[in-house]
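Chains as they are written, first to last, in numbering that gives the first Met the number 0: chain X, 0 to 271; chain U, 0 to 271. All C-beta atoms in this analysis are idealised placements derived from N, C-alpha and C, irrespective of residue type, glycine included. Treat the numbers as computed from the prediction; the structure is a model and nothing was measured. So the structure is just underneath, and the comments pick up after that.
Number of protein chains: 2
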Amino acid sequence: MKKYQVIPESKLNLSHFDPDDTGNHKKTDKSKEKANVITEKLIGRLGELQERLYANGNRALLIVLQGMDTSGKDGTIKSVMSGVNPQGCKVISFKAPSAEELNHDFLWRVHQKAPAKGQIGIFNRSHYEDVLITHVHGLISDSVVKQRFNQIKEFEELLSESGTVILKFFLHISKDEQKKRLEERINNPEKRWKFNEADLEERKLWKNYLGAFEAMMAATSTDQAPWYIVPANRKWYRNLVIADRVVKALEDMKLKTPSAPAGINFDKLKIE
Amino acid sequence: MKKYQVIPESKLNLSHFDPDDTGNHKKTDKSKEKANVITEKLIGRLGELQERLYANGNRALLIVLQGMDTSGKDGTIKSVMSGVNPQGCKVISFKAPSAEELNHDFLWRVHQKAPAKGQIGIFNRSHYEDVLITHVHGLISDSVVKQRFNQIKEFEELLSESGTVILKFFLHISKDEQKKRLEERINNPEKRWKFNEADLEERKLWKNYLGAFEAMMAATSTDQAPWYIVPANRKWYRNLVIADRVVKALEDMKLKTPSAPAGINFDKLKIE
Numbered sequence: 000m001k002k003y004q005v006i007p008e009s010k011l012n013l014s015h016f017d018p019d020d021t022g023n024h025k026k027t028d029k030s031k032e033k034a035n036v037i038t039e040k041l042i043g044r045l046g047e048l049q050e051r052l053y054a055n056g057n058r059a060l061l062i063v064l065q066g067m068d069t070s071g072k073d074g075t076i077k078s079v080m081s082g083v084n085p086q087g088c089k090v091i092s093f094k095a096p097s098a099e100e101l102n103h104d105f106l107w108r109v110h111q112k113a114p115a116k117g118q119i120g121i122f123n124r125s126h127y128e129d130v131l132i133t134h135v136h137g138l139i140s141d142s143v144v145k146q147r148f149n150q151i152k153e154f155e156e157l158l159s160e161s162g163t164v165i166l167k168f169f170l171h172i173s174k175d176e177q178k179k180r181l182e183e184r185i186n187n188p189e190k191r192w193k194f195n196e197a198d199l200e201e202r203k204l205w206k207n208y209l210g211a212f213e214a215m216m217a218a219t220s221t222d223q224a225p226w227y228i229v230p231a232n233r234k235w236y237r238n239l240v241i242a243d244r245v246v247k248a249l250e251d252m253k254l255k256t257p258s259a260p261a262g263i264n265f266d267k268l269k270i271e
Numbered sequence: 000m001k002k003y004q005v006i007p008e009s010k011l012n013l014s015h016f017d018p019d020d021t022g023n024h025k026k027t028d029k030s031k032e033k034a035n036v037i038t039e040k041l042i043g044r045l046g047e048l049q050e051r052l053y054a055n056g057n058r059a060l061l062i063v064l065q066g067m068d069t070s071g072k073d074g075t076i077k078s079v080m081s082g083v084n085p086q087g088c089k090v091i092s093f094k095a096p097s098a099e100e101l102n103h104d105f106l107w108r109v110h111q112k113a114p115a116k117g118q119i120g121i122f123n124r125s126h127y128e129d130v131l132i133t134h135v136h137g138l139i140s141d142s143v144v145k146q147r148f149n150q151i152k153e154f155e156e157l158l159s160e161s162g163t164v165i166l167k168f169f170l171h172i173s174k175d176e177q178k179k180r181l182e183e184r185i186n187n188p189e190k191r192w193k194f195n196e197a198d199l200e201e202r203k204l205w206k207n208y209l210g211a212f213e214a215m216m217a218a219t220s221t222d223q224a225p226w227y228i229v230p231a232n233r234k235w236y237r238n239l240v241i242a243d244r245v246v247k248a249l250e251d252m253k254l255k256t257p258s259a260p261a262g263i264n265f266d267k268l269k270i271e
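This is how it looks when you write it as structure tokens:
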């Protein structure tokens with residue numbers, strides 16, 4: 000896992016990260032099956048740990064998902080988080096900000112959606128869009144981009160100091176893989192509804208987006224809120240890496256069964 | 000299912016509904032296992048239908064769960080809804096209102112949490128608490144109770160006319176069953192954290208609560224937003240009944256794969 004983590008305060012070059020990487024697993028159908036079995040077990044464990052997180056109600060987990068179009072943000076949530084009790088898991092899909100939201104600073108709407116104690120919060124896109132799209136399309140100046148990097152770090156520090164563990168995943172696909180996935184949407188009539196013509200325009204800016212992602216992750220990966228570059232060409236490996244990291248984060252909280260309410264003599268309690 | 004539905008505009012007597020009922024199923028371990036297999040299949044189907052609800056994004060489903068303490072509201076959500084993609088399913092647990100919420104009408108905070116189009120919303124407790132606790136403890140007058148019944152009906156009519164299907168489940172347990180469940184919490188050190196001494200005080204008001212539930216369901220069960228009295232002494236039967244009803248509601252929406260975006264010549268589309 001460590002090798003996918005973006006080192007704080009260092010330069011980042013995404014071309015050193017292979018989107019097709021499958022770690023110690025071979026790129027065969029057989030190792031895919033094996034990996035899926037491990038992932039299933041991790042998901043089962045995730046369900047247990049989430050119950051305990053909820054019961055304790057003193058910590059929270061925030062998962063941020065970013066990536067190019069078709070990189071598998073929705074698919075990750077479906078594959079890794081279906082099975083978790085929805086009572087303790089909230090997914091927030093950030094769309095283009097509303098007129099009201101635009102009348103506030105860019106973290107205003109995000110802060111409201113931070114996970115409550117006891118909860119897992121998943122940001123499907125996030126405040127990071129405000130240093131990506133805006134940056135690539137030149138809507139904000141370089142100095143504002145830098146300012147926002149700092150504001151994001153301070154915001155995440157606040158959450159972290161308040162008991163929220165933060166994991167940020169960049170789903171790393173290759174440009175060829177995106178082509179395949181877009182073609183699948185175009186050629187399969189059952190999937191055409193997912194097709195968005197605007198994605199083709201954004202695809203033309205692939206290199207600019209890569210650069211923006213690099214700058215953003217280099218500037219905002221911290222020990223408390225690290226970025227992970229997840230090889231995401233193969234969905235099964237992507238799911239495995241993320242399930243593994245999420246389970247580890249919850250294990251590290253060392254959550255116990257909550258203690259009984261104080262001041263009650265349970266042995267003498269009688270129910271009429 | 001029909002036999003559990005509260006008929007609009009008619010008197011309701013909960014003593015005619017057996018909390019121990021298991022329908023056509025025997026009360027044996029073997030039929031429990033069989034029922035669980037059916038429930039599992041229904042939950043799988045629920046997952047598929049929810050994906051389609053989300054994809055279409057033009058309808059919503061609101062599930063309201065009410066019942067005495069320990070009646071299994073949390074357990075129902077965990078058993079029936081784990082497996083659903085959390086991206087399309089939001090659970091709202093209504094607690095005692097905040098000072099700000101109390102400065103508004105009782106539906107203000109509830110309306111904000113109504114499920115968006117494409118979503119399943121689950122209310123774990125709901126606006127109905129405001130005609131239950133308040134009624135039983137004499138905090139509001141009979142005329143205000145009646146007024147609120149009407150306000151609730153009009154509110155739910157608004158949601159319904161706006162494309163939201165509403166299902167309301169009363170989890171019906173016997174007083175003896177509650178005793179068992181409270182004792183389990185007391186006697187099992189692993190479960191003691193769930194114990195709330197206030198539940199014992201509310202238990203003393205069992206009959207008053209039954210009366211309040213009867214009045215409330217009789218007054219607010221409508222064709223668009225029916226109440227169901229779910230026999231809930233046996234968790235496996237409770238889960239089966241609810242999973243069955245929820246799947247039927249989604250099937251009735253006749254959701255299809257959404258159509259492709261208009262104005263695109265898919266056959267000529269090329270990706271660079």
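Which residue from the options puts its Cα closest to that of residue i?
| i | options | result |
| --- | --- | --- |
| X:Leu158 | X:Ile132, X:Asp141, X:His110, X:Trp205 | X:His110 |
| X:Leu249 | X:Leu45, X:Ala95, X:Gly66 | X:Leu45 |
| X:Ile6 | X:His171, X:Trp192, X:Ala218 | X:Ala218 |
| U:Ser9 | U:Met215, U:Glu200, U:Phe194, U:Gly120 | U:Met215 |
| U:Leu199 | X:Ile263, X:Glu39, X:Thr133 | X:Ile263 |
| X:Gln118 | X:Glu213, X:Tyr53, X:Phe265, X:Arg237 | X:Tyr53 |
| U:Phe212 | U:Asn123, U:Lys1, U:Trp226 | U:Trp226 |
| X:Thr256 | U:Arg51, U:Ser30, U:Leu138, U:Lys193 | U:Lys193 |
| U:Arg58 | U:Leu268, U:Gly120, U:Lys269 | U:Gly120 |
Let me know if residue i comes out buried or exposed under the rule of 16 or more other beta-carbons within 10 Å of its beta-carbon.
| i | result |
| --- | --- |
| U:Asp104 | exposed |
| U:Gln146 | exposed |
| U:Asp129 | buried |
| U:Ser78 | buried |
| X:Gly66 | buried |
| X:Val36 | exposed |
| U:Asn23 | exposed |
| X:Leu138 | exposed |
| U:Ala115 | exposed |
| X:Met80 | buried |
| X:Glu32 | exposed |
Return no unless some Cβ of chain U is closer than 8 angstroms to the Cβ of residue i.
| i | result |
| --- | --- |
| X:Ala113 | no |
| X:Asn84 | yes |
| X:Thr221 | no |
| X:Val245 | no |
| X:Ala261 | no |
| X:Phe265 | yes |
| X:Pro18 | no |
Check the DSSP bridge columns for residue i and list the partner residues they point to.
| i | result |
| --- | --- |
| X:His171 | X:Pro230 |
| U:Asn287 | No statement about residue 287 of chain U is possible, as the shown extent of chain U runs from 0 to 271 and does not include it. |
| U:Thr163 | U:Ala59 |
| U:Val79 | U:Val79 is not bridged to any residue. |
With DSSP run on the structure shown, which of helix, strand or coil describes residue i?
| i | result |
| --- | --- |
| X:Lys89 | strand |
| U:Gly74 | helix |
| X:Thr133 | helix |
| X:Leu254 | coil |
| X:Gln111 | helix |
| U:Gln150 | helix |
| U:Val36 | helix |
| X:Leu268 | coil |
| U:Ala261 | coil |
| X:Val245 | helix |
| U:Val5 | coil |
| X:Pro188 | helix |
| U:Ile42 | helix |
| U:Lys26 | coil |
| U:Lys179 | helix |
| X:Glu196 | coil |
| U:His103 | coil |
| X:Lys116 | coil |
| X:Gln223 | coil |
Taking CB distances under 8 angstroms as the criterion, tell me whether residue i reaches chain X.
| i | result |
| --- | --- |
| U:Asp73 | yes |
| U:Trp235 | no |
| U:Phe194 | yes |
| U:Leu41 | no |
| U:Ile172 | no |
| U:Ser125 | no |
| U:Ala59 | no |
| U:Glu183 | no |
| U:Ser140 | no |
| U:Glu47 | no |
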